[in-house]
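Respectively, the protein sequence lines represent chains F and A.
Numbered per my numbering, the first sequence spans residues 680 to 913.
Numbered per my numbering, the second sequence spans residues 25 to 444.
C-beta: ideal position from N, C-alpha, C; glycine also.
The model shown is predicted, which means the values in this text are computed figures rather than measured ones.
Everything below concerns the one structure shown next.
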Amino acid sequence: MTILKADGIVKYFTEPEKFKVLKGVSFEVAKGEFLSIIGKSGCGKSTLLYILSTMDTDYEGNLEIKGENLRGKTQNELAAFRGENLGFVFQFHYLLPEFTALQNVMMPAMKLGKYSNEEIEHRAIEKLKLVGMDEYARKHASKLSGGQQQRVAIARALVNDPAIIMGDEPTGNLDKANSIKVFDILSQLAHDNNQTIITVTHDPDFANGSDRIIEMEDGNIIGTHFPKQGAKQL
Amino acid sequence: MNWKLAFNIAVTHLVSKRRQSIIAMLGVTFGISMFIIMISFMTGVNQFTEDMAMDNTPHVRIYKPIELEDKKIISIDNPEKGNDWHVLLHQRPKNELPKIKNGMMLMQQIESMPEVLGVAPQISSQVFFNNGPVQIPGTINGIDVKKQKELFALDKKMDYGDLDDLLKGGDVIIIGKGLAKKTNVTLGDRVSVTTPEGNNLTLKIVGIFSYGIVSMDESRCYATLATVQKILGKDPSYVTDLNIKLKDIDGARAFAANLANQLPEAHVEDWETANASLLAGTAIRNIMTFVVCATLLVVAGFGIYNIMNMNIVNKMKDIAILKATGFQGNDITGIFLLQSLMIGVAGALLGLVIGFFISYLLSITPFPAGEFFRIKTFPVNFNPMHYLTGVMFGFLTTLFAGYFPSKRASKIDPVSIIRG
Ligand SMILES: Nc1ncnc2c1ncn2[C@@H]1O[C@H](COP(=O)(O)OP(=O)(O)OP(=O)(O)O)[C@@H](O)[C@H]1O
Ligand SMILES: [Mg+2]
């Protein structure tokens with residue numbers, strides 16, 4: 680079942696001069712799939728991911744998530760849609776520094792307002808356990824190391840049980856051991872919870888562990904691999 | 025939107041930037057406390073001067089002015105025709121008494137009108153007080169003691185002696201404090217008075233009063249109607265002024281206009297006209313108070329505006345994250361608007377407390393008014409409305425100052441920040 684469908688996504692940057700970053704990117708992602716996007720630095724991976732995340736609305740082409748066409752939705756509608764259906768892990772760890780790890784994880788759930796506060800706290804602690812950060816729950820985000828912050832950010836992305844989790848180099852700032860841990864969490868979410876994972880990564884081991892790899896170059900998709908079917912290992 | 029969540033985030037932001045928040049708050053505190061102090065003092069002064077003036081000001085006064093005839097007297101018998109003009113230089117007024125015709129009857133008539141609280145008759149005349157070879161000019165006022173007491177509280181202005189002593193025995197007066205000093209007399213002394221017509225009489229001083237208004241205290245003295253009529257050599261129906269107090273002071277102007285129509289010969293003057301300069305002073309003080317306070321609040325508002333703008337620049341990343349995780353534009357507006365309102369309300373409340381405290385201190389501070397003013401401490405008016413206005417002002421200024429930065433925050437594009 681297709682959960683995300685990108686159709687001819689074209690994106691321009693106008694600064695410093697008009698420049699076509701994405702030159703008509705089309706692909707589909709199935710529910711429960713673990714997808715990696717790879718490619719040289721500057722080829723437009725992050726740019727694509729921001730469009731898929733519904734945060735960047737300045738593009739041409741069509742984007743459909745869960746059967747909903749996201750073109751022509753207002754910023755507020757998109758924010759609500761994100762809160763309910765999408766979770767993010769950014770390239771640089773981005774937590775609210777004044778709040779504790781637990782509060783950071785609880786925040787999107789409080790906004791969504793689907794559960795009571797106790798329920799939200801309970802779920803947040805579950806997610807922190809998942810990423811091995813539960814013992815730091817009451818620590819202020821600004822007092823955590825980079826890798827710890829990244830794991831808290833993953834827990835935050837999971838708190839609303841979103842249909843799709845997107846990550847921009849979620850393991851970029853982590854050591855090998857932690858990278859493997861994060862990979863295991865994500866692949867477990869895909870295969871056990873049937874949640875869809877879309878990550879941009881530079882880590883070949885990470886990509887080879889996923890269900891499908893999309894390779895990009897210069898704003899185009901130049902290839903698709905299915906590493907588990909032994910087609911091609913990177 | 026979820027106000028509780030927005031409130032929690034706002035509080036966390038404020039607490040984590042404690043110093044900045046306190047400085048922003050103190051701006052409002054300063055503005056509001058100055059507002060309270062200024063307005064309490066200014067309205068206190070207004071009230072004081074008004075009370076002082078109004079105590080002995082009739083709401084409406086009827087008197088007979090000595091005026092020049094409009095028409096030339098010679099024209100009465102020889103009317104001007106065609107090119108035949110009369111040119112008359114320096115026409116003199118008629119020799120006319122400043123007497124109100126049928127004064128006592130008129131008084132009773134006016135007293136029976138429903139709007140009127142009471143009418144006090146008075147005879148005013150210029151006189152000289154003789155202090156050895158020196159003559160000191162002043163006025164003598166013949167009054168109805170009982171009415172003067174009831175309507176103008178003259179008994180409350182007595183420094184020495186008793187107003188009722190005027191009724192005991194003839195040829196007695198009470199004189200102003202300043203005048204007593206000038207003529208170098210005290211209670212029980214006698215003073216020699218000369219009228220413009222040259223009549224001379226020696227009067228015994230049975231009281232000394234002070235209004236707290238120098239020009240009055242240095243020139244006035246009071247005696248009974250009969251005594252003054254005797255000094256001036258006039259008959260018992262002679263009255264020059266009728267001083268009217270109304271039940272409702274605000275009706276004075278209309279009442280005076282109405283009365284003036286019925287009394288073409290006399291001059292009817294209401295207190296607003298008579299005290300135009302006093303009222304202008306009050307108006308100017310009010311305008312000044314509001315201008316100064318508005319300026320202070322605008323400055324405090326700009327302070328908040330700046331701090332909120334700075335705050336939002338510092339919080340760009342956080343705003344981007346909140347938006348990425350599902351917060352909508354108005355959630356963001358709410359968070360920052362709440363911060364600004366909390367600063368405003370806390371600042372305003374603290375301002376009220378400080379303002380009240382300082383105005384209280386002012387109200388017990390001795391006022392260096394000199395011996396003439398009947399006032400011991402700074403006049404301060406504690407009016408709850410001012411405090412309410414202060415909070416409202418603080419609330420509105422910060423709402424206004426916080427609105428634009430908050431709106432701006434809600435429009436921040438998360439991608440441009442997360443992209444780095
Ligand atoms: N705000 C911007 N304005 C103009 N050009 C931009 C902007 N952001 C990115 N670019 C350009 O767009 C291209 C794609 O950038 P993008 O961040 O998507 O690359 P990426 O594939 O994620 O690279 P990396 O692997 O280094 O993260 C780059 O050439 C970059 O210079
Ligand atoms: Mg990138």
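Item	Value
Any Cβ of chain F within less than 8 Å of the Cβ of N26 (chain A)?	yes
Kindly list, in the order they appear in chain A, the residues whose Cβ is closer than 7 Å to that of E777 (chain F).	T36, H37 and S40
Taking 8 Å as the threshold (beta carbon to beta carbon), is L835 (chain F) in contact with chain A?	Before going further, note that residue 835 (chain F) is Arg rather than Leu in the sequence given. For R835 (chain F), the answer is yes, since a Cβ of chain A falls inside 8 Å of its Cβ.
Check R116 (chain A) in the structure and name its three-state DSSP category.	coil
Show which residues of chain F have a CB atom less than 9 Å away from the CB atom of V337 (chain A).	Neighbours of V337 (chain A) on chain F: none; closest Cβ ~15 Å, over 9 Å.
For L50 (chain A), which of A:F326, A:D294 and A:K180 has the nearest alpha-carbon?	A:F326
How many Å lie between F54 (chain A) and L376 (chain A) at the Cα?	10 Å
With DSSP as the reference, identify every bridge partner of Y246 (chain A), one or two as the case may be.	A:N165 and A:I198
Exposed or buried, what is R42 (chain A) when buried is set at 16 or more other beta-carbons lying within 10 Å of its beta-carbon?	exposed
For the alpha helix (DSSP H) that S720 (chain F) lies in, which residues bound it at each end?	First-last for S720 (chain F): undefined, no H or E at that position.
So, is I308 (chain A) buried or exposed, given that buried needs 16 or more other C-beta atoms within 10 angstroms?	exposed
May I ask whether a heavy atom of ligand 2 can be found less than 7 Å away from the beta carbon of Q770 (chain F)?	yes
Interface residues of chain A around G762 (chain F) at Cβ under 8 Å?	T349, G350 and F351
Any heavy atom of ligand 2 within a distance shorter than 7 Å of the CB on V879 (chain F)?	yes
Let me check understanding here. Comparing Cα to Cα, which of A:G350, A:N335 and A:T413 lies closest to C317 (chain A)?	A:T413
Mind pulling the alpha helix (DSSP H) runs of 4 or more residues that sit fully within the segment 291-318 of chain A?	295-298
Verify the contact flag: K724 (chain F), CB atom, against every heavy atom of ligand 2, threshold strictly below 7 Å.	yes
For V263 (chain A) and V69 (chain A), I'd like the C-alpha separation in whole angstroms.	35 Å
Quick one: is the Cβ of G703 (chain F) within less than 7 Å of any heavy atom of ligand 1?	no
Excluding the 5 residues flanking N764 (chain F) on each side, which residues of the same chain have their C-beta closer than 7 Å to its C-beta?	I744, K745, P841, A842 and I843
Using a Cβ cut-off of 8 Å (strictly closer), state whether K724 (chain F) contacts chain A.	no
Cβ of F767 (chain F) versus every heavy atom of ligand 1: is any distance shorter than 7 Å?	no
DSSP on T681 (chain F), reduced to helix/strand/coil?	strand
Could you list which residues in chain A have their beta carbon closer than 7 Å to that of N873 (chain F), in chain order?	None at all; the shortest Cβ gap to chain A is about 21 Å.
Based on Cα-Cα distance, which residue from A:P403, A:G127 and A:I331 lies nearest to D259 (chain A)?	A:G127
Apply the 10 Å Cβ neighbour rule to V404 (chain A) and answer buried if 16 or more other Cβ atoms are within range, or exposed otherwise.	buried
I'd like to know if D75 (chain A) contacts chain F, where contact means its C-beta is closer than 8 Å to some C-beta of that chain.	no
So, is the C-beta of Q827 (chain F) closer than 8 Å to a C-beta in chain A?	no
Where do the N-terminal and C-terminal ends of the alpha helix (DSSP H) with F54 (chain A) fall, by residue?	R42 to D79
In the segment 785-799 of chain F, which residues sit with their C-beta less than 7 Å from some C-beta in chain A, listed in chain order?	M786, P787, M789, K790, L791 and G792
Within this structure, are the beta carbons of G371 (chain A) and V52 (chain A) separated by less than 8 Å?	yes
Using 8 Å as the threshold, is the C-beta distance between I232 (chain A) and K201 (chain A) below it?	yes
Going by DSSP, what residues sit across from A709 (chain F) in a beta bridge?	F:T681
Using a Cβ distance threshold of 8 Å, determine whether the segment 892-902 of chain F contacts the segment 336-352 of chain A, with at least three qualifying pairs required.	no
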